[in-house]
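Peer 1:
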Amino acid sequence: MIGARSMMLLVALAVALGGCETPPRQAPVTGTSVRVEWIGHNCFLVTSALGLGVLLDPYDTKYLDYPVPNNLRPDVILVSSEQPQVSNDELARNSPPVFRDRAAIGSFSARGIAFRGVSTSDQETTGADVNVAFVWKMDGIVFCHLGLPSGPLTAEAAAQIGRVDVLFLPVGNPFLLNDAARAQIVTQLAPRIVVPMSYANARTTRLGYAPPDAWLATQGHPVRRLDAPTFAVTKKSLPTATTVYLPTVP
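13 is the number of the first residue of the sequence shown in this note's numbering; add one for each residue after it.
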């Protein structure tokens, strides 16, 4: 005969063993949003829901004091010009394909993503600095990184860029755009989200940039101040009207 105490121990053991049964494997959950991370200055890492990362305008640490992520391993690097502040592809820890400057003008693809490089420079001027604005679609969202344009977009350039959902716009470089030109670009492209870049903060003390405050006060669109250098966006979560997303300085 098994005593009451022994019976209780057997029951407890059976329950414990039943609880250790290997649960059925769950299918991996695919991300549903695009992740936008401000690395610093003009540099952003835009990562698709499937994990494909596009790095834009990596900065040179000789000029800027942003912390460099240790695991920066994008799938593609896009460089808008050979200005040293935006052309340091060695910022990445790996060696992905790099599309830069004049060679990036036109349509091309990499890692299954279709890109378009649109010149915002006067190509008729010999020796003129080239700036390439990059446009691509990721998870149904159209992104445009303007690089460092020197003025409003021509009608031709605006038409080549086309409809934009997320626009990366330089707002603090006093040697290039003024606020009127920036406002004109926003009107031309009518983005749903404007992400300011290339402006003065505690990480840019060696460069003569302006802070974003004056532009933020006059650009006329609602401003969403984020509590991190990153944000996630889906096609459905895009604001209905143009909204400025201001990430925290990394």
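Think of the CB as a built atom: it goes at the ideal place given N, C-alpha and C, for glycine as much as any other residue.
With H, G and I counted as helix, E and B as strand and the rest as coil, what does DSSP make of residue 183?
Peer 2: It is coil, neither helix nor strand.
Peer 1: Spatial neighbours of residue 181 within its chain, please: CB distance less than 8 Å, with the 5 preceding and 5 following residues excluded, ordered by chain position.
Peer 2: Taken in chain order, the residues that qualify are 158, 194, 197, 198, 206, 207, 208 and 209.
Peer 1: Leaving out five residues on either side along the sequence, give the residues of the same chain with a beta carbon under 8 Å from the beta carbon of residue 236.
Peer 2: So the list reads 255, 256, 257 and 258, once near-sequence residues are dropped.
Peer 1: In terms of DSSP beta bridges, what is residue 201 paired with?
Peer 2: Partner(s): none; residue 201 has no beta bridge.
Peer 1: Please classify residue 173: does DSSP put it in a helix, a strand, or coil?
Peer 2: Three-state DSSP puts residue 173 in a helix.
Peer 1: Within 10 Å of its beta-carbon, does residue 49 have 16 or more other beta-carbons around it, so buried, or fewer, so exposed?
Peer 2: Buried: at least 16 other Cβ atoms inside 10 Å.
Peer 1: Can you tell me whether DSSP reads residue 242 as helix, strand or coil?
Peer 2: Strand.
Peer 1: Which same chain residues, not among the five before or five after residue 170, have their C-beta less than 6 Å away from its C-beta?
Peer 2: So the qualifying residues of the chain are 200.
Peer 1: Please report the distance separating the alpha-carbon of residue 253 from that of residue 246.
Peer 2: Spanning the two alpha carbons is a distance of roughly 15 Å.
Peer 1: Do the region 60-67 and the region 112-119 meet, that is, are 3 or more Cβ pairs less than 8 Å apart?
Peer 2: At 8 Å Cβ cutoff, the stretches do not touch.
Peer 1: Where does the unbroken alpha helix (DSSP H) through residue 229 begin, and where does it stop?
Peer 2: Residues 225-230.
Peer 1: What does DSSP give as the partner residues of residue 248 in its beta bridges?
Peer 2: Residue 248 pairs with nothing; no bridge assigned.
Peer 1: Using a 10 Å radius around the Cβ and a threshold of 16 neighbouring Cβ atoms, would you call residue 70 buried or exposed?
Peer 2: Counting Cβ neighbours within 10 Å, residue 70 comes out buried, since at least 16 surround it.
Peer 1: With 16 as the cutoff for other CB atoms within 10 Å, does residue 41 come out buried or exposed?
Peer 2: Confidence is the limiting factor: at residue 41 the pLDDT is only 37, short of 50, which leaves the residue's position unreliable, though a coordinate-based value still follows. With fewer than 16 Cβ atoms within 10 Å of its Cβ, residue 41 is classed as exposed.
Peer 1: Starting from residue 89, follow the beta strand (DSSP E) in both directions and report where the run begins and ends.
Peer 2: First-last of the beta strand (DSSP E) with residue 89: 88-91.
Peer 1: My guess is that residue 161 and residue 145 are in contact by the Cβ rule of under 8 Å, so how many angstroms apart are they, rounded?
Peer 2: At roughly 7 Å, the Cβ-Cβ gap stays under 8 Å, so residue 161 and residue 145 are in contact.
Peer 1: Round the Cβ separation of residue 90 and residue 57 to the nearest angstrom and send it over; I've been treating them as touching at under 8 Å.
Peer 2: Not a contact, Cβ separation roughly 11 Å.
Peer 1: What span of residues does the beta strand (DSSP E) with residue 126 cover, start to end?
Peer 2: Its beta strand (DSSP E) spans residues 125-131.
Peer 1: Counting only the same chain and skipping the five closest in sequence on each side, list residues whose C-beta sits under 7 Å from that of residue 72.
Peer 2: Taken in chain order, the residues that qualify are 96, 97 and 100.
Peer 1: Sort out for me which residues DSSP pairs residue 255 with in a bridge.
Peer 2: The partner list for residue 255 (beta bridge, DSSP) reads 205.
Peer 1: Assign residue 80 to one of three DSSP states: helix, strand, or coil.
Peer 2: If DSSP states are grouped into helix, strand and coil, residue 80 belongs with coil.
Peer 1: Is the Cβ-Cβ distance between residue 142 and residue 156 less than 8 Å?
Peer 2: No; because the gap between Cβ atoms is not below 8 Å, this pair is not in contact.
Peer 1: Applying the criterion that 16 or more other CB atoms from any shown protein chain within 10 Å of the CB defines a buried residue, is residue 204 buried or exposed?
Peer 2: Buried.
Peer 1: Pop quiz: residue 154 and residue 191 are said to be a contact at Cβ under 8 Å. What is the actual Cβ separation, rounded to whole angstroms?
Peer 2: That pair is no contact at about 25 Å.
Peer 1: Run through DSSP, which three-state label would residue 68 get?
Peer 2: Three-state result, residue 68: strand.
Peer 1: How should residue 83 be labelled, buried or exposed, when 16 other C-beta atoms within 10 angstroms of its C-beta is the threshold for buried?
Peer 2: Exposed, since its Cβ has fewer than 16 Cβ neighbours within 10 Å.
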